[in-house]
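A.B. asks: The structure's right below; bear with me while I get my questions together.
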Amino acid sequence: MESPYASEMLNITKRFPGIIANDNITLQLRKGEIHALLGENGAGKSTLMSVLFGLYQAEEGIIKKDGVEVKIKDPNDANALGIGMVHQHFKLVECFTVLDNIIMGVEPVGPLGFLRKKEAREKVLALSKKYGLEVDPDAKIEDITVGMQQRTEILKMLYRDNEILIFDEPTAVLTPQEIVELMQIMRNLAAEGKSILFISHKLAEIMAVADRCTVLRKGKYIGTVNTKDTTMEELSAMMVGRNVNFHVAKKPAQPGEAILEVQHMTVASKTHSNNAVKDVSFTVRRGEIVCIAGIDGNGQSELVYGLTGLEPLTSGKIILEGKDITKASIRKRSTSGMSHIPEDRHKHGLVLDYSLEYNIILQTYFESRFTDRMGFLRRKSIRSYSDKLIDQYDVRSGQGSITSARAMSGGNQQKAIIARELDKQPELLVAVQPTRGLDVGAIEYIHKQLVAQRDAGKGVLLISLELDEVMDVPDRILVMYEGEIVGELDPKKTTQEELGLYMAGAKRDEVRA
Amino acid sequence: MKRLLKRPGVQTFVASIICILLGLLIGYIVLLFINPQGAWQSIMDVIRNFFTWSRPQQQLKQFGNTLAKTIPLIMCSLSILFSYKVGLFNIGTAGQYVAGACASLYAALAWGWGWLPCMLFAIVAASLLGAIVGFLKAYCNVNEVISGIMLNWISLYTANTILSNVKETASPYTLYLNKENPAALLPNVGLDTLFNKNTYVTIAVPLALIIAVLVSIVLNKTRFGYELRATGLNKNASRYAGMAENRNIILTLVISGALAGLGASMLYQTGYMRWECTQSSVPAMGFNGIAAAFLGGLSPIGAIFSSFFIQHITDGGQYVNTNFYSSQISDVISSVIIYLCGFVLFIKLTMNRMLSRSEEKKGGKK
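Residue numbers (the numbering used here), protein chains in the order written: chain A, 1 to 513; chain B, 1 to 366.
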């Protein structure tokens, strides 16, 4: 017998000015099942979930919980009904501790209004142990990695004893091992009778963990299938309406001279007394993509900070095109031929309240083509340059150049950054998780751009946490573990299992300079 | 109508008007509570300000006085909004204003300088004060509000001490500028004749308007303004883009200070006011600049109008009928109104929320 529905969204229609975000969509979530919601960026997944979570009101359609029609006006209603959500962009208070964030809003208090943190801490620790969600309850959010922040978000839902759990692209920021763990957690939760809605565009994960999968495309309902009875190819065709290449097509690399040499780089850590990057040396040559793989928080971010000039080196040397840039400013490095796609596009990549055109010139605004001798901006050339790039890189936005960056979708924000960084004609491109949180189509596009840079004789340094990307895109893999490079692998010869062992620190080679 | 309301400029204007009306309403209610008899008459007098006078000649002269005091307020609000665009809240504007007043008066009275050197000296003194705040912020990460408030008091008492050297023996006020050194008075360039020979209307009036336009151009059209606003909106991204954050912070506060100092010189060098060497509170001009900046929607051009309005109300306060109310009531009324002027951003936010609500609903009916 099929289990009853925990929640049903029937014939939901939600319109925004100009677009229909959800067009007559029905989604039925069974008790104890893991139900994947699949679709490209802008397909309406997030809108649908926001309707269920009470952030938006649907114009048409009804929502049922345990067979009874309910009205969900705001997230408080959703919480009261036992619906919890882990958002793609976390909703955490940066300067609070993990524990404070988890209990926020449902703080256990004594009769005199004093917090009973001990009680809360025990519950959190029990939950974290039970589900293998390792966190330090006393660490501040701003000091912990993205991966740990997400675990905090998941614990937040578990702490509230929610029955319906919405995961909005939870694996986008996790390492392979963490993803495996998360999937186990999800299975455990489902086994305990919790119902899970899992928003994703990673087909392999959906095939591995979900029972059923609902596919949306451009706001329309395409279908719901049992994952047992389908294939990845079928799902992806449903999602994008055409067949997609999973593998990056590229010719063999033809590495030339060294473009970037890093010698014995050491970078101090902001969060602990040990160095975050310890005596790391490597080379990137023209015409190759070198990938730094590793589990989140093993010094990759600090390595990038050191490279781009955001943090000073404790010791070591950086040589770009034969010139020592160890002490050069951020601007100097940028004008010397280093482009950088930052890890966090909202924090570092864009000024969200600036227009798209102003973001496009963020790295080049001071050049004479955009600023005249008197220091005035050349508005016309900025506009025409921005229009050109928007066209060339297919950046989609509501009003073109004058759209506020905030109003754009994640994929198009990333495209804007890529357009900006690639059009600088860099000699070296440092790309940090360039496909984080993007859909299949956009990922394919970005990978193609990286390979095109390589084929044009540029050096590409890719920092990635996604195993597929690590195996597929680069010509060489360097694995980072606890601030050191523990191995160099050839993606054609290695396996995911071997890579995983290096990443987990179970295996290491003698470090080569 | 809806589309019009969505434009930020229109929104600011509507929000400012709402604030003004609310302020007047609450001011009126306060008057009603104290004494209902003269309330209407008094609130109308506040609004009328110089129109309370019956003779047009007299009206014109009083209008000139209001204008003379509007000028420093415009400069102070420019000072506030300039730093605010970079994400800095320069509450030190008040102190920088004091430094400007002190420098210009001392140079004029003790050294007998001409008007232009006095004015430049005021700018230098005030921008130095701004630079201190900037350095502390950039290199020691000292909050600019804290250091600004501290420096306000330091500059007040320093000014009192220094200006005591050039004060009248019988009173706590500094010497009359027009008697001691008329060369330090700002030139009238014929403007006084327009206001019934009100000599307080000087070159400062056109100068302030030009500076407001200049600030607007710098912020919106130049590379420097682009950098400043980017830093204010997203510090991290600006750093990533290689902008010199520390230099920009210091430069911003220097400019902010210069604007405030210039404002002071534009008032004290008209001879309209003399410095009281025993005063124990920082002149309100710098603080009123905050209200004027917000009421003007943080736009330099808006600041011109909001400053005039605030000064108009403040001056109007003196016409409140003292038969019904004590003389302090004028301060109460104008401060209630000024206080509400700070709510422009809040009203704008509420308006936006209401607009998007109604839009969502409308979307449903399509």
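Note that beta-carbon positions come from the ideal geometry of N, C-alpha and C, so glycine has one too. Since the model is a prediction, treat every value here as computed from it, not as a measurement.
Tell me the DSSP secondary structure of A:N11 in three-state form.
C.D. replies: A:N11 falls in the strand class under three-state DSSP.
A.B. asks: Which residues in the same chain have their Cβ closer than 8 angstroms to the Cβ of A:L501, if we skip the five residues on either side of it in sequence?
C.D. replies: So the list reads K507, once near-sequence residues are dropped.
A.B. asks: Who are the neighbours of B:R413 on chain A, taking C-beta pairs under 7 angstroms?
C.D. replies: An answer regarding residue 413 of chain B cannot be provided, because it is not within the stretch 1 to 366 covered by chain B.
A.B. asks: For B:N246, which residues does DSSP report across the bridge?
C.D. replies: The partner list for B:N246 (beta bridge, DSSP) is empty, contrary to what the question assumes.
A.B. asks: DSSP three-state call for A:F282: helix, strand or coil?
C.D. replies: The answer is strand: DSSP assigns A:F282 an E or B state.
A.B. asks: Where does the unbroken alpha helix (DSSP H) through B:T314 begin, and where does it stop?
C.D. replies: Its alpha helix (DSSP H) spans residues P300 to G316.
A.B. asks: On the DSSP bridge list, what partners appear for A:S200?
C.D. replies: For A:S200, which the question treats as bridged, DSSP gives the partners A:L38.
A.B. asks: Counting only beta-carbon separations shorter than 9 angstroms, does B:K85 have a partner in chain A?
C.D. replies: Closer than 9 angstroms: no.
A.B. asks: Beta-carbon separation of A:I179 and A:V86 under 9 angstroms?
C.D. replies: Going by C-beta atoms, A:I179 is not nearer than 9 angstroms to A:V86.
A.B. asks: Check whether the Cβ of B:A230 lies closer than 9 angstroms to any Cβ atom in chain A.
C.D. replies: For B:A230, the answer is yes, since a Cβ of chain A falls inside 9 angstroms of its Cβ.
A.B. asks: Can you round the beta-carbon distance between B:G271 and B:L185 to whole angstroms, since I take them to be within the 8 angstroms contact cut?
C.D. replies: Going by Cβ atoms, the distance from B:G271 to B:L185 rounds to 6 angstroms, so yes, they are a contact pair.
A.B. asks: B:R353 touches chain A at which residues, Cβ-Cβ below 8 angstroms?
C.D. replies: What B:R353 touches in chain A: nothing, since even the nearest Cβ is about 14 angstroms away.
A.B. asks: How about B:S171: is its C-beta nearer than 9 angstroms to some C-beta of chain A?
C.D. replies: Taking Cβ atoms only, chain A never reaches closer than 9 angstroms to B:S171, which makes this a no.
A.B. asks: Using a Cβ-Cβ cut-off of less than 7 angstroms, list which residues of the segment 370 to 384 of chain A approach chain B; keep chain order.
C.D. replies: Answer set for the segment 370 to 384 of chain A: T371, G375, F376 and L377.
A.B. asks: If you scan the segment 256 to 325 of chain A from start to end, which runs of the beta strand (DSSP E) of 3 or more residues do you find wholly inside it?
C.D. replies: Fully enclosed beta strand (DSSP E) runs of 3 or longer: 258 to 268, 275 to 285, 289 to 293 and 315 to 320.
A.B. asks: Please confirm whether A:G61 has its beta-carbon closer than 9 angstroms to some beta-carbon of chain B.
C.D. replies: Closer than 9 angstroms: no.
A.B. asks: Could you tell me whether the segment 458 to 465 of chain A touches the segment 287 to 295 of chain A, where touching means 3 or more Cβ pairs closer than 8 angstroms?
C.D. replies: They touch, by the three-pair rule.
A.B. asks: Just tell me which of A:V479, A:L27 and A:F96 has its CA closest to the CA of A:G299.
C.D. replies: Of the candidates A:V479, A:L27 and A:F96, the one whose C-alpha sits nearest the C-alpha of A:G299 is A:V479.
A.B. asks: Could you work out which residues of chain B lie near A:R436, taking near to mean beta carbons separated by less than 9 angstroms?
C.D. replies: Per Cβ cutoff of 9 angstroms: no residues; A:R436 is ~16 angstroms from chain B at best.
A.B. asks: Classify A:I72 as helix, strand or coil using the three-state DSSP reduction.
C.D. replies: Note: A:I72 maps to coil in three-state DSSP.
A.B. asks: So, B:A126 versus B:A244, is the Cβ gap smaller than 9 angstroms?
C.D. replies: Going by C-beta atoms, B:A126 is not nearer than 9 angstroms to B:A244.
A.B. asks: Under 9 angstroms between the Cβ atoms of A:S195 and A:A6?
C.D. replies: For A:S195 and A:A6, yes; Cβs fall inside 9 angstroms.
A.B. asks: Contact criterion: CB-CB distance below 9 angstroms. Does B:E144 meet it with respect to chain A?
C.D. replies: No, no contact with chain A.
A.B. asks: Hey, how far is the Cα of B:A39 from the Cα of B:G342?
C.D. replies: Near 24 angstroms, if we compare the C-alpha coordinates of B:G342 and B:A39.
A.B. asks: For B:K366, count neighbouring Cβ atoms within 10 angstroms of its own Cβ and tell me buried if that reaches 16, exposed if not.
C.D. replies: Annotation note: pLDDT 38 at B:K366 (below 50); position unreliable, coordinate value reported separately. By the 10 Å Cβ count, B:K366 comes out exposed.
A.B. asks: Do B:A204 and B:A94 have their CB atoms nearer than 9 angstroms?
C.D. replies: The answer is no: Cβ separation not under 9 angstroms.
A.B. asks: Taking the alpha-carbon positions, what's the A:L203 to B:M354 distance?
C.D. replies: Their backbone Cα atoms lie some 40 angstroms apart in a straight line.
A.B. asks: Are the CB atoms of B:G134 and B:L251 within a distance shorter than 9 angstroms?
C.D. replies: Cβ atoms of B:L251 and B:G134: closer than 9 angstroms.
A.B. asks: What residues from chain B crowd round A:R517, counting only those whose CB sits closer than 9 angstroms?
C.D. replies: No answer is possible for residue 517 of chain A: the residues shown for chain A start at 1 and end at 513.
A.B. asks: Per DSSP, what kind of secondary structure is A:L462 in: helix, strand or coil?
C.D. replies: Looking at A:L462 - three-state DSSP - the assignment turns out to be strand.
A.B. asks: Can you name, in chain order, every residue of its own chain whose Cβ lies under 6 angstroms from the Cβ of B:S373, other than the five neighbours on each side?
C.D. replies: Beyond the ends of chain B as shown, which are 1 and 366, falls residue 373 of chain B; an answer cannot be given.
A.B. asks: Is it the case that the Cβ atoms of B:Q386 and B:C118 are separated by a distance below 9 angstroms?
C.D. replies: Summary: the structure shown does not reach residue 386 of chain B, with chain B confined to residues 1 through 366, and so no result is reported for it.
A.B. asks: So which residues on chain B does A:D353 lean against when the C-beta distance must stay under 7 angstroms?
C.D. replies: The answer, in chain order, is L233.
A.B. asks: What residues from chain A crowd round B:F384, counting only those whose CB sits closer than 9 angstroms?
C.D. replies: An answer regarding residue 384 of chain B cannot be provided, because it is not within the stretch 1 to 366 covered by chain B.
A.B. asks: Where DSSP assigns a beta bridge to A:Y592, which residues make up the other side?
C.D. replies: Since the displayed chain A opens at 1 and closes at 513, residue 592 of chain A lies outside it and no answer follows.
A.B. asks: For the alpha helix (DSSP H) that contains B:C140, what are its first and last residues?
C.D. replies: Start and end: W115 to C140.
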